Ligand code: HEC
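In our numbering, the protein residues as written are 897 to 1002.
Next comes the structure, spelled out in structure tokens:
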């Protein structure tokens, strides 16, 4: 099990290095793959336990995740801290689906 600090270090790295703010980073994403990974990793089940309903109200486009780069970084942070072992292009695919359905960053 990796320490909690690994997740935060990654998150901060993303904040500092995340110059890719625009949703261009999602333009080649495999949306079908992202949808499958979201189902397989039980993202919504866990979120629903926290916020109720279908879990989608955990996604707050007006919150601290307010651009495409940060959205992808958040998914990467979950990937690392929950040990999901997704590849970078899979993280991008998942984030792209969340962006299409919830965040709608340009
Ligand atoms: C074991 C529980 C759990 C699982 C599984 C999980 N999450 Fe989360 N997720 C959380 C919790 C708890 C939060 C709220 C964190 C907070 O508000 O500080 C969160 C927050 C988020 C956010 C930020 C929402 C926002 O706008 O602030 C995103 C994006 C996210 N999760 C994506 C995912 C994705 C994608 C998956 C599956 C690949 C996933 N999570 C799986 C527990 C989980």
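All residues carry an ideal CB built from backbone N, CA and C; glycine is no exception. On a predicted model such as this, the values are computed, not experimentally measured, just so you know.
Of the residues the options, the one placed nearest residue i, counting alpha carbons only
i	options	result
residue 938	903, 926, 952, 927	952
residue 991	936, 959, 969, 956	969
residue 905	976, 959, 993	976
residue 996	960, 930, 981	930
residue 903	932, 974, 941, 928	974
residue 980	936, 928, 918, 917	936
The alpha helix (DSSP H) enclosing residue i, as first and last residue numbers
i	result
residue 941	939 to 947
residue 992	984 to 994
residue 970	964 to 977
residue 960	Note, residue 960: premise wrong, no alpha helix (DSSP H); not H, not E.
residue 925	Element bounds for residue 925: n/a, residue is neither H nor E.
Buried versus exposed call for residue i [16 or more other C-beta atoms within 10 Å across all chains shown]
i	result
residue 949	exposed
residue 965	buried
residue 972	buried
CB-CB length for residue i against residue j, believed under 8 Å
i	j	result
residue 993	residue 934	6 Å
residue 926	residue 989	5 Å
residue 1000	residue 957	7 Å
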